[in-house]
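**Q** Using our numbering, read the sequence shown as starting at 736 and increasing by one per residue. The beta carbon of each residue, even a glycine, is placed where N, CA and C say it ideally should be. Mind having a look at this structure? Questions to follow.
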Amino acid sequence: MVQSLRDIWTETPPLTKLVCKVSIPLGMTLMAVGVVGDIFFKWWDGLSFITNLLSSVTGLAFAVPFALLILDRLAEPHAIAAERRSAIRLAGLWIAKYEAAKVDVARLSRELQWMNGLAPANAEEEAAAFDELHRTLSSNWGCVLHLRDAWALVRGTAEQRLAENGMRLRTSLRIDHYDQLVESTYQGTMRILQATSANMPPHAELETWFSELGMVSSVRVSFYDD
């Protein structure tokens, strides 16, 4: 108990210490004057307003240090718990946005499965296939961008708030590898979109890109106490 009080005093800011050093002796002095005047000299007879005023100032002199030292320390766990709840809500919000973007990427991956391993019989079929790929990507490439942006917020804002409250992100793929996978998927999408715009079929990149597109939408994200 004594050690706890010492710790409280050691951690108290200098200005608060000064207020306490003034208020407590002042309160004790006023209390002594009030008791002595009441018992021995009857100073306060007929002076109800002054009596109430003196009593109020005396109580305030003790209440201020009590509030600054004790109540503030008692409120600290509640503030920590509130900050932790806020961090959990924020992380949940950004992870939900990430999960929504991931659903859209998974839908795009399924929509383009017909292209995976496609072997056109002739140049005309190949051109038609890549035209269709370009149209699909032109309409849906934003979901890959949204996934990258949502993941950046999870890794930035949400992860920082979690760390400040003793929690960490957990992913089903090592987190630094997933960072690379998200960025690689986005860059691959952009290259394929540009290549198909220029009528240059991106044969070399398609297999890797399809694989990444499927992997990036299958990683699970959560958080836990560190």
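Quick one: what does DSSP say residue 909 is sitting in, helix, strand or coil?
**A** If DSSP states are grouped into helix, strand and coil, residue 909 belongs with coil.
**Q** For the segment 867-884 against the segment 807-826, are there 3 or more C-beta pairs whose distance is under 8 Å?
**A** With a cut-off of 8 Å, the segment 807-826 and the segment 867-884 do not count as touching, because too few Cβ pairs lie within range.
**Q** Can you give me the C-alpha to C-alpha distance between residue 920 and residue 943, rounded to a whole angstrom?
**A** Taking the straight line joining both Cα atoms gives about 9 Å.
**Q** In terms of DSSP beta bridges, what is residue 957 paired with?
**A** According to DSSP, which records beta bridges pairwise, residue 957 is partnered with 905.
**Q** For residue 833, count the other beta carbons within 10 Å of its own beta carbon; 16 or more makes it buried, fewer makes it exposed. Which is it?
**A** It counts as buried.
**Q** Are the CB atoms of residue 750 and residue 765 nearer to each other than 8 Å?
**A** No; because the gap between Cβ atoms is not below 8 Å, this pair is not in contact.
**Q** Is the distance from the Cβ of residue 951 to the Cβ of residue 882 below 8 Å?
**A** Yes.
**Q** Looking at the secondary structure, which residues open and close the alpha helix (DSSP H) in which residue 815 lies?
**A** Per DSSP, residue 815 belongs to the alpha helix (DSSP H) from 807-846.
**Q** For residue 925, which of 912, 803, 911 and 948 has the nearest alpha-carbon?
**A** Out of 912, 803, 911 and 948, 948 has the C-alpha closest to the C-alpha of residue 925.
**Q** Kindly confirm or deny that the segment 784-801 and the segment 753-764 touch, where touching means at least three C-beta pairs closer than 8 Å.
**A** Because the criterion of three Cβ pairs below 8 Å is met, the segment 784-801 and the segment 753-764 touch.
**Q** Sorted by chain position, which residues of the same chain lie with C-beta nearer than 6 Å to residue 908's C-beta, five sequence neighbours on each side aside?
**A** Only 954 meet the Cβ criterion.
**Q** Return the CA-CA distance between residue 874 and residue 847, expressed in angstroms with no decimal places.
**A** C-alpha separation (whole angstroms): 13 Å.
**Q** Taking all protein chains shown into account, do 16 or more other C-beta atoms lie within 10 angstroms of the C-beta of residue 829, making it buried, or fewer, making it exposed?
**A** Residue 829 is buried by the Cβ-count criterion.
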